[in-house]
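Since the structure comes first, as structure tokens, the remarks are kept for the end.
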Amino acid sequence: MRHRRNTTAWIALATISGSACRASSPSSDLEFECFVENDARVLGGPTDRYYTNAVRLAITGDRSVEGQGSGAPLTWLDALMIPSAARASARADSSVERRWAWFLGHHLYTPSDIHTRNPPSDDRPYAGWLYSGIESRWVALGNECGEHDRAAMVSVSLGLVGPDALGESVQNGFHDLIDVPHAEGWSHQLHDEPTLQITSRYQERVARSTCDGFTGDVICDGAWAAGNVFANVSLGSTARFGYGLQRDFATHQIDPSAKLLAEFEEPRSPSDRLDWGAHVFIGAEGRAVAHNMLLSGNNFRSSAGVDAELFVGDLRAGVSVRVGPAELVYMQTIRSEEFEAQDGSQRFWSVHVTWRFSE
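If you read the sequence shown in this note's numbering, its first letter stands for residue 4, the second for the next number, and so on.
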């Protein structure tokens, strides 16, 4: 009965969030995005350990010019966006676009050995995290070469960590489907705790060059996250090279530092847009971590937990293929140790699928 009540509450939350966003747009230029991250063996390496799986669905709303149309219902989020100076300068730029997004996500975390009923006290605790929220996003185009394009986003999400986030049901249900043993230690997972998370990210394209249809660019970014799940700041950069590379800010990652800043294209007529494109990318990001409940344990109740590392780094590389309204991205990430007793770095893969609906 308790799970049923919580499921009903989540349906209501998702409906309210989605309705708020749909009300802000005529739905003429929507994007649907699906993200999956998993540590299953790809190119070798252990599986079902630490950050083991995440799924995130997102709907990105209609583009609008600042002060016209779709962004108005989400202006209350703008006070949280970083940096305020960039936001102010963007408002003075005639090339500014604004978009909203609604997202729903689920994450799974386990110790290194899921076949032990009583996990060791110095290993990562079991945890499931279910959340939903909204984002407000801005992009301002720079010069004709694409340099100094900048973008900013802010998101607010509500969620739940604990048994009612259905981590055990999701993991062991999937294990039943693929006929592998259950994870045995979920009775030691974090307790139920509501979550509130606010995140913000700023990105700027610092270099871009094009020759015979091939384009390369470099994007730098900074972010902060505050809430009872994560509190951190981060800096990073990404280099991309390929054919038909769009003038966007995609990161293709479900990131604990800040949620995805979706893609923005420069204004072009449909006849000027390439019907396909492909590129490779490599990036790195470092985070200074003040708090991570999914490692240290519940904030208001005694629970399993470990001491988090102060600094965490990610190195990622991948490939993207775009055909018409669809894009498929595959990426590998290597993440440094997140807690003191962790046995080496972690590697996981990501798949990101985008489908654009336009009139």
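Ideal Cβ placement from N, Cα and C applies to all residues, glycine included.
Note that this is a predicted model, so its numbers are computed, not measured.
For E340, there is no enclosing beta strand (DSSP E), since its DSSP letter is neither H nor E. In the three-state DSSP reduction, I181 falls in the helix class (H, G or I). Taking a 10 Å sphere around the C-beta of V332, we find 16 or more other C-beta atoms and assign the residue as buried. Within 10 angstroms of the beta-carbon of E343 lie fewer than 16 other beta-carbons, which makes it exposed. When rounded, the separation of the alpha-carbon atoms in I137 and T202 is 11 Å. With a contact defined as Cβ atoms closer than 8 Å, G286 and A242 qualify at about 7 Å. With distances taken between CA atoms, R319 lies nearest to F284 out of G308, F284 and G230. When DSSP states are grouped into helix, strand and coil, H191 belongs to the helix group. Proximity to G131 across T218, Q249, D195 and W141 peaks at D195, based on C-alpha coordinates. Judged by DSSP in its simplified three-state form, D278 adopts coil rather than helix or strand. Taking all protein chains in view, the Cβ of V326 is surrounded by fewer than 16 other Cβ atoms within 10 Å, so the residue is classified as exposed. Counted as a single uninterrupted DSSP element, the stretch harbouring S348 is not any beta strand (DSSP E), since DSSP gives it neither H nor E. At the C-beta level, T218 and G245 come within 8 Å of one another.
Ranking N41, S353, R102 and R59 by CA distance to the CA of D32 puts R102 first. Here the alpha carbon of E340 sits roughly 37 Å from the alpha carbon of G64.
Here the alpha carbons of A307 and N295 stand approximately 13 Å from one another. DSSP places S124 outside both helix and strand once states are collapsed to three, so it counts as coil. The beta carbon of G230 lies closer than 7 Å to those of T198, L199, Q200 and I201 in the same chain, with the five residues before and after it left out.
Your pair V157 and S139 checks out as a contact, with CB atoms roughly 6 Å apart and the cut at 8 Å. A residue is called buried once 16 or more other Cβ atoms fall within 10 Å of its Cβ, and A329, having fewer, is exposed. Rounded to whole angstroms, the gap between the alpha carbons of F252 and C223 is 10 Å. Taking a 10 Å sphere around the C-beta of W189, we find 16 or more other C-beta atoms and assign the residue as buried.
About 5 Å separates the Cβ atoms of V236 and A291, confirming a contact at the 8 Å cut-off.
The three-state reading of DSSP puts D152 in coil, since its state is none of H, G, I, E or B. Taken through DSSP and simplified to helix, strand or coil, L169 comes out as coil. In the three-state reduction of the DSSP assignment, N295 falls in the strand class.
Residue pairing by DSSP places H109 opposite V58 and L133 in a beta bridge. When DSSP reads this structure, N235 sits in a beta bridge with A228 and V292. In the three-state scheme derived from DSSP, where H, G and I count as helix and E and B as strand, N175 is classed as helix. For D32, the uninterrupted beta strand (DSSP E) segment begins and ends at D32 to N41. D220 is bridged by DSSP to R211 and R243. Rounded to the nearest angstrom, the gap between the Cα atoms of D51 and S323 is 26 Å. In the three-state reduction of the DSSP assignment, E100 falls in the strand class.
Its chain contains R208, V209, A210 and R211 as the residues whose beta carbon lies nearer than 8 Å to that of E150, once the 5 sequence neighbours on both sides are disregarded; these appear in chain order. At a Cβ-Cβ threshold of 8 Å, D42 and F351 count as neighbours.
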